[in-house]
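S.K.: Provided herewith is a single structure, encoded as structure tokens, for subsequent inquiry.
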Amino acid sequence: MKMKSLHLVIAGMSLCFAASGGITQGQPPFQEIELLNTAAFADNPSNWQITGDAWYHPEKNVLKKETGTGILLNEPSGKEHDPIRTTMEHGNVVVEFDFMLAPGSSAAVYLQGRYGIALTDSWTENVPISQACGNIPAMSRLTGEGSPVVPAGIPPRMDLARAPGLWQNLRVVFQAPRFDAAGNKTADARFLQVLLNGIAIHEDIALPTINYPVLFDKEQATGPLVFSGNSRIALRNIRYHLFDETEKEQVVLANPIPVRGVTPLIVTPASKTIIQRCFLAGEDRKLTFCAVVGEPTQIHYAINLEQGAVIRLWKGAFIDATTMWHGRGDVQLARPLGSVVELPSQPAFASLPDRNASWPDSMQQGYRFIQYRLDKQGRPTYNYSFNELEFIDRITPAEEDRLLTRSMQLTQGQPGKELWVLLAAGSRIEELEKGLYAVDDKKYYIRLADTKSPGVIHRKNNGREELLIPGSALNGQGLTWSYIW
Amino acid sequence: MKTIRIICFVLLAFLTLPLTPGYVNAQHAHQANGENLPTENDYYELRTIRPPEGVLLEVSGMARIPDGRMAIATRRGEIWLIENPSGDKPWFKLFASGLHEPLGLAWKDRALYTAQRAELTRLTDTDGDDQADSFESICVWPLSGNYCEYNHGPVIGPDGYFYINMNLGDNGMSNKEPFYGEMGSHAEWRGWMVRVSPQGDLKPYAAGLRSPAGIGLNAQGDIFYSENQGGWIGTGYISHVEEGDFFGHPSSLKSADEPESTVHLTPADIPTNAPMLHEAAKQIPGFKLPSVRFPHGIMGISTSGIIADTSGAFGPFFKGQVFVGDEGHAKIVRVFLEEVNGAYQGAVFGFREGFLSGILRMEWGADQSLFVGMSDRGWSSTGPERWGLQRLVWTGKTPFEIKAIKAQADGFDLEFTLPVSKETAENPESYEISGFDYLYHMTYGSEVQDKKDCLIKAIKVSSDRRSVRLVLDGLREGYIHEVKCTGIRSETGGSLLHNVGYYSLNSLPKDTPLDLEGPGVLIIPAEAPASDAGSDPAGSDPAGSDPAGRATSPAPAKKKQTPAAKHTTVQPASWTDGPDRTFVIGTEPGLKFNIEQLNVKPGERIKLVFNNDDDMQHNWLLVSPGAADEIGKAALELGLEGANMQYIPKSPKVLYHTSLLQPRSQEAIYFTAPEKEGQYPYICTYPGHYLIMRGILNVKR
Chain A
733 MKMKSLHLVI
743 AGMSLCFAAS
753 GGITQGQPPF
763 QEIELLNTAA
773 FADNPSNWQI
783 TGDAWYHPEK
793 NVLKKETGTG
803 ILLNEPSGKE
813 HDPIRTTMEH
823 GNVVVEFDFM
833 LAPGSSAAVY
843 LQGRYGIALT
853 DSWTENVPIS
863 QACGNIPAMS
873 RLTGEGSPVV
883 PAGIPPRMDL
893 ARAPGLWQNL
903 RVVFQAPRFD
913 AAGNKTADAR
923 FLQVLLNGIA
933 IHEDIALPTI
943 NYPVLFDKEQ
953 ATGPLVFSGN
963 SRIALRNIRY
973 HLFDETEKEQ
983 VVLANPIPVR
993 GVTPLIVTPA
1003 SKTIIQRCFL
1013 AGEDRKLTFC
1023 AVVGEPTQIH
1033 YAINLEQGAV
1043 IRLWKGAFID
1053 ATTMWHGRGD
1063 VQLARPLGSV
1073 VELPSQPAFA
1083 SLPDRNASWP
1093 DSMQQGYRFI
1103 QYRLDKQGRP
1113 TYNYSFNELE
1123 FIDRITPAEE
1133 DRLLTRSMQL
1143 TQGQPGKELW
1153 VLLAAGSRIE
1163 ELEKGLYAVD
1173 DKKYYIRLAD
1183 TKSPGVIHRK
1193 NNGREELLIP
1203 GSALNGQGLT
1213 WSYIW
Chain B
1140 MKTIRIICFV
1150 LLAFLTLPLT
1160 PGYVNAQHAH
1170 QANGENLPTE
1180 NDYYELRTIR
1190 PPEGVLLEVS
1200 GMARIPDGRM
1210 AIATRRGEIW
1220 LIENPSGDKP
1230 WFKLFASGLH
1240 EPLGLAWKDR
1250 ALYTAQRAEL
1260 TRLTDTDGDD
1270 QADSFESICV
1280 WPLSGNYCEY
1290 NHGPVIGPDG
1300 YFYINMNLGD
1310 NGMSNKEPFY
1320 GEMGSHAEWR
1330 GWMVRVSPQG
1340 DLKPYAAGLR
1350 SPAGIGLNAQ
1360 GDIFYSENQG
1370 GWIGTGYISH
1380 VEEGDFFGHP
1390 SSLKSADEPE
1400 STVHLTPADI
1410 PTNAPMLHEA
1420 AKQIPGFKLP
1430 SVRFPHGIMG
1440 ISTSGIIADT
1450 SGAFGPFFKG
1460 QVFVGDEGHA
1470 KIVRVFLEEV
1480 NGAYQGAVFG
1490 FREGFLSGIL
1500 RMEWGADQSL
1510 FVGMSDRGWS
1520 STGPERWGLQ
1530 RLVWTGKTPF
1540 EIKAIKAQAD
1550 GFDLEFTLPV
1560 SKETAENPES
1570 YEISGFDYLY
1580 HMTYGSEVQD
1590 KKDCLIKAIK
1600 VSSDRRSVRL
1610 VLDGLREGYI
1620 HEVKCTGIRS
1630 ETGGSLLHNV
1640 GYYSLNSLPK
1650 DTPLDLEGPG
1660 VLIIPAEAPA
1670 SDAGSDPAGS
1680 DPAGSDPAGR
1690 ATSPAPAKKK
1700 QTPAAKHTTV
1710 QPASWTDGPD
1720 RTFVIGTEPG
1730 LKFNIEQLNV
1740 KPGERIKLVF
1750 NNDDDMQHNW
1760 LLVSPGAADE
1770 IGKAALELGL
1780 EGANMQYIPK
1790 SPKVLYHTSL
1800 LQPRSQEAIY
1810 FTAPEKEGQY
1820 PYICTYPGHY
1830 LIMRGILNVK
1840 R
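Order-wise, the sequence lines are chains A and B.
Take the position in the first sequence, starting the count at 1, then add 732; the result is the number in the working numbering.
Take the position in the second sequence, starting the count at 1, then add 1139; the result is the number in the working numbering.
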């Protein structure tokens, strides 16, 4: 395939590109809770400590931590599993923090120490949506008050949990309950908005009563921010902003609405895999030779066929095609729903004169996308050629649809020493154990199927890190790796 | 002799009766009228094919499969196979999905081919379950990602290659390409017809395309494309395309310096003084005059699919002719083509209106009915629905039509489908013939230019009365000629189903002129030139359309405004304290005003700013209560004068109006709200828009 001159990139097109990069939301003036020590917290339960970098193995009971500051880590034991509360007390508040869970963790955050959101590892086991990360646990009955009781909890709109050991983000806009002068409640507390990993999972949920009666048994106008102590969790970047009524509109983040006043055209895989050809937003231009692939089990990816590159990974709802199919479709972009992990759009393989040569930005001369073929489930297998070489490339959900496994194999030709495959690229790549890598500050993992894999190169190039593997790995049964997020 | 013919007719009627349920009703209608007023439906009936519930058939491609099934591509990227498509209960099966706006479909070697946004794709069902499982990228091309970069096709040429039209991109609201205009080429070969070998090699074929929404073969197997009015394109057309042709839109020339380019022009070759198209064609080397131009608003407003009747499926009389769909007007026009001096030219006629929605694609069914696929999404059409699939079936009856207009060195030869009455055919008053052209300029569309009547010098009716030879004065090479046969009747007194054709006289034949002394030639004595000025009821001054005048003012002139009271663009001096109310009204995509209700009090002084932020022309007319349809239709019927009159009919029911505004321009008008309370519709009267582009001015105390 030859992609010759684009005459010019249309001015103003960048308007089309809704930023969906990092999962941190950012906002007006936040107060940071400093994690240099535990001074910001009311008592110092011994199960909580300040550390440097920390990491839970996604499958094993392994914690790696470094001494230092910036992370609040809970290591509960049978005896010591107390919650931690801030000295700060809040009414209306926006709270944001990053959190990392261990396999099987079942932690929670409590606004005003009373109104909880579960931070559970719903990645490791297939749990019902009612127990997925971000659920609002059932309200407990209060004694003697005769308050209305909500019998069951409220599940998140979708399960957006990331794998253990990866950083996730929660953003809560909380409106405190209101009381009259006599102390009678005049308005319920509300979760105005809860975003998990950047995506709204709750909006405007009334909280008629508290669901964590451990520290407090009565509702009040203010209270501390509390994290439960019974489960392994690491926290960082805890920030808050106390807002008054006038700011309400600004602190609740607008949901992206592709075309105002139009019924959204949502595509949902029903019984088979969907592959939908589309344009996707790139960094500085539209990527025009792409496909999004969605599974009924809600694990999806996007591929740039121009590069043979997987460029988006997400779970939850599939895509919104409104801007493709409403009216003329003038914006003409498929918008992945759910929480997206973005990967750089660079060629999956390239010919390098030496192992220090820069990785090219686009496919080299001689590349051609040949075709894809669908199996009975509707899953595509891609087919590329690169000069005299031919590859097949198959990306399939694995391990009960928790991750995607990619197998690339040569079907024709013998790769020379100059052929390399790009496994990952990012600002930072950490080898956590043999064959397991975390990319971009533990945003996602790359795991090689064969840990004895020959000749992986972890290199720094042009201010970023890359993971390369020699093209000879594509011989025989080929090269298999997983995207885990 | 006469009795035999009657028997034949009866026999024919009897034979076709069981096949055509609408036949009896049509006959009744005739008798009830008491007059012989034919309707299109008497000859060509529409049958609607309804897909199963939940299937959205925005048809964008059609291909008949040799086993009789019809494959249908949709704009949302599905391909359906319809088994027994002409039967009572057609069976729909989803063959493929997830394609990116495929805009054509072709069958070849047991596979379907379609042009998606980014590639030409070959879809194959390899395991025989009627579901595609192999999607091969035959050829991939660059794009900027602009929504308007449509790829129409493929059509498989006689050489087995795939021909595809690459639409330009929309330049949007900005005026960032002041020379190229509202449509631009932002990736290689946009604005070109390209040719792809079965091995996937893409070669540019012809340039200068703007919005080439149709591609097809004529009866001889030559490649034609259809073009849409806009910047640099004064009116729509179809044209034969040969390698190296240039059709006029300069944006495509951005790729002309590529080594493979077949067109060697630069923007400097393009005149910017707004010549008429036939003049531009002489100035620009390699410029191809379109084979047949379709006067805008009369022969549709947006050409799409092209298909030839090679078998006489619409009657033996139309065998070899070409049929062209129209998206905006939901109709099909008919084209007669002939070769003159080595190039195709010919005439366009009305054929069949009243489809469900805007027509995009057409394909012959195995039963010789024409499958017509529709979607007007994003542009709107006069049809009542937004998409649809219908079949057009010939009832077996012969419509009385101008079958063909053939150019002669000294006039035209008109052929009819039925014998004409000699009396009407020999009466020069039966005809009105004039020539005109359109401008070649960056401005969207064009008014009719340099319209002049032709005088009939002689008439010769053929012995079988099926053709009439007209010898004319004032025939002009390069001009479109309107040939109206208002007075012509058939031998049995019938009126023509469509009594006008438009012949693009790109080239005058060199054959021998008619011998005026010969047998059967009726010489028409020259009249006093009294009728000369009568051709332009709008009052345009022929002297005002001389080349110099046009060169200095290519924009739509305001010189032809209707009386100022209805169109006041300067605040009246008496409004010393300004207007009582100011409204700013814009447009929304899909032919809509962005405000559909305005409330005023009787007699209030109103300033109304109409901001045409759309990419097509619009006007704004306030009309009397209940008069929206009447005025909208009247605008449609202005015919060739429409553009010059800015589609504003002369009627007391037109109360106030703006000018016809170019895309992305605005105008303020000042008027006093009616004294009488009521609901006053406001409409855009650009041909066909009035059906949906409207709102209400509520006048209430």
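The beta-carbon is built from N, C-alpha and C at its ideal position, and this holds for glycine as well.
Predicted, not measured: the structure shown is a model, and the values here were computed from it.
Whose CA, out of B:1637, B:1580 and B:1602, lies closest to the CA of residue 1541 of chain B?
M.R.: B:1637
S.K.: Residue 1155 of chain A and residue 1124 of chain A look like a contact to me (Cβ under 8 Å); what is the Cβ gap, rounded to whole Å?
M.R.: About 17 Å separates the Cβ atoms of residue 1155 of chain A and residue 1124 of chain A, ruling out a contact at the 8 Å cut-off.
S.K.: Anything in chain B within Cβ reach of residue 788 of chain A, meaning under 7 Å, just list it in chain order.
M.R.: None at all; the shortest Cβ gap to chain B is about 38 Å.
S.K.: Taking 9 Å as the CB-CB limit, is residue 1104 of chain A close to chain B?
M.R.: Chain B contact via Cβ: present.
S.K.: Any heavy atom of the ligand GTP closer than 8 Å to the Cβ of residue 1385 of chain B?
M.R.: As for the ligand GTP, it is missing from this structure, which has no ligand bound.
S.K.: Mind the definition here: the region 949–962 of chain A touches the region 792–811 of chain A only if three or more C-beta pairs lie below 8 Å; say whether that holds.
M.R.: yes
S.K.: Enumerate in chain order the residues of its own chain whose CB-to-CB distance from residue 1130 of chain A is below 8 Å, with the five nearest sequence positions on each side excluded.
M.R.: 1136, 1137 and 1214
S.K.: In chain order, which beta strand (DSSP E) runs of at least 3 residues are fully inside the region 1415–1465 of chain B?
M.R.: 1442–1447 and 1461–1465
S.K.: Taking only three categories from DSSP, how would you classify residue 1290 of chain B?
M.R.: strand
S.K.: For residue 1109 of chain A, collect the residues of the same chain with a Cβ closer than 8 Å to its Cβ; drop the 5 residues on either side in sequence, then sort them by chain order.
M.R.: 1004 and 1005
S.K.: Taking residue 1880 of chain B as the query, report the chain A residues whose CB atoms sit under 7 Å from its CB, ordered along the chain.
M.R.: The displayed coordinates of chain B run from 1140 to 1840. Any statement about residue 1880 of chain B would go beyond what the structure contains.
S.K.: Pair every Cβ in the region 978–998 of chain A with every Cβ in the region 787–798 of chain A, then say whether three or more of these pairs are closer than 8 Å.
M.R.: no
S.K.: Comparing the C-beta of residue 1101 of chain A with each C-beta of chain B, is any distance below 9 Å?
M.R.: yes
S.K.: In terms of residue numbering, what span does the beta strand (DSSP E) encompassing residue 1057 of chain A cover?
M.R.: It is not in any beta strand (DSSP E) - residue 1057 of chain A instead sits in the alpha helix (DSSP H) that spans 1054–1057.
S.K.: Three or more C-beta pairs closer than 8 Å, one from the region 1524–1533 of chain B and one from the region 1549–1558 of chain B: is that the case here?
M.R.: no
S.K.: Hey, quick one: how far does the beta strand (DSSP E) through residue 1172 of chain A stretch, first residue to last?
M.R.: First-last for residue 1172 of chain A: undefined, no H or E at that position.
S.K.: Would you grab the beta carbon distance between residue 1058 of chain A and residue 983 of chain A for me? Rounded to a whole angstrom, and I think it's under 8 Å.
M.R.: So it is not a contact: roughly 30 Å between Cβ atoms.
S.K.: Report the residue from B:1381, B:1665, B:1634 and B:1225 whose alpha carbon sits nearest the alpha carbon of residue 1537 of chain B.
M.R.: B:1634
S.K.: Which residues, taken in chain order from the region 1329–1358 of chain B, show a beta carbon closer than 7 Å to some beta carbon of chain A?
M.R.: The region 1329–1358 of chain B vs chain A, Cβ under 7 Å: nothing.
S.K.: Can you grab the Cα-Cα spacing for the pair residue 1357 of chain B / residue 1483 of chain B, in whole Å?
M.R.: 10 Å
S.K.: Compare the C-beta of residue 865 of chain A against all C-beta atoms of chain B and say whether one is closer than 9 Å.
M.R.: no
S.K.: Indicate the three-state DSSP secondary structure (helix, strand or coil) for residue 1355 of chain B in the structure shown.
M.R.: Three-state result, residue 1355 of chain B: strand.
S.K.: For residue 1502 of chain B, collect the residues of the same chain with a Cβ closer than 6 Å to its Cβ; drop the 5 residues on either side in sequence, then sort them by chain order.
M.R.: For residue 1502 of chain B, same chain residues with a beta-carbon under 6 Å away, outside a window of 5 residues either side, are 1201, 1203 and 1510 in chain order.
S.K.: Output, in chain order, the set of chain A residues within a Cβ distance shorter than 8 Å of residue 1496 of chain B.
M.R.: None at all; the shortest Cβ gap to chain A is about 15 Å.
S.K.: Is the region 1066–1080 of chain A in contact with the region 1024–1034 of chain A, if contact means three or more CB pairs nearer than 8 Å?
M.R.: yes
S.K.: Which ranges would you report for the beta strand (DSSP E) in the region 836–919 of chain A if only whole runs of at least 3 residues count?
M.R.: 838–843, 847–852, 900–907 and 917–919
S.K.: Please look up how many angstroms separate the CB atoms of residue 1793 of chain B and residue 1762 of chain B, rounded, as I've assumed it's under 8 Å.
M.R.: 6 Å
S.K.: Find the residues of chain B that neighbour residue 1007 of chain A, judging by a C-beta separation of less than 9 Å, and give them in chain order.
M.R.: 1236, 1237 and 1274
S.K.: Using Cβ-Cβ distances below 7 Å, what residues of the region 1021–1032 of chain A are close to chain B?
M.R.: 1021
S.K.: What does the alpha-carbon distance come out to for the pair residue 1083 of chain A and residue 1167 of chain A?
M.R.: 23 Å
S.K.: Please list the terminal residues of the continuous alpha helix (DSSP H) segment that includes residue 1181 of chain B.
M.R.: 1179–1182
S.K.: Thinking C-alpha only, which one of B:1618, B:1474, B:1639 and B:1765 is nearest residue 1625 of chain B?
M.R.: B:1639
S.K.: Taking the straight line between their C-alpha atoms, what separation do you get for residue 1462 of chain B and residue 1704 of chain B?
M.R.: 44 Å
S.K.: Could you tell me the alpha carbon to alpha carbon distance between residue 1333 of chain B and residue 1260 of chain B, rounded to whole angstroms?
M.R.: 15 Å
S.K.: Tell me, to the nearest whole angstrom, how far the beta carbon of residue 1288 of chain B is from that of residue 1282 of chain B; I am working on the premise that it is less than 8 Å.
M.R.: 5 Å
S.K.: Rank A:1152, A:1104 and A:1044 by C-alpha distance to the C-alpha of residue 1187 of chain A and give the top, closest one.
M.R.: A:1152
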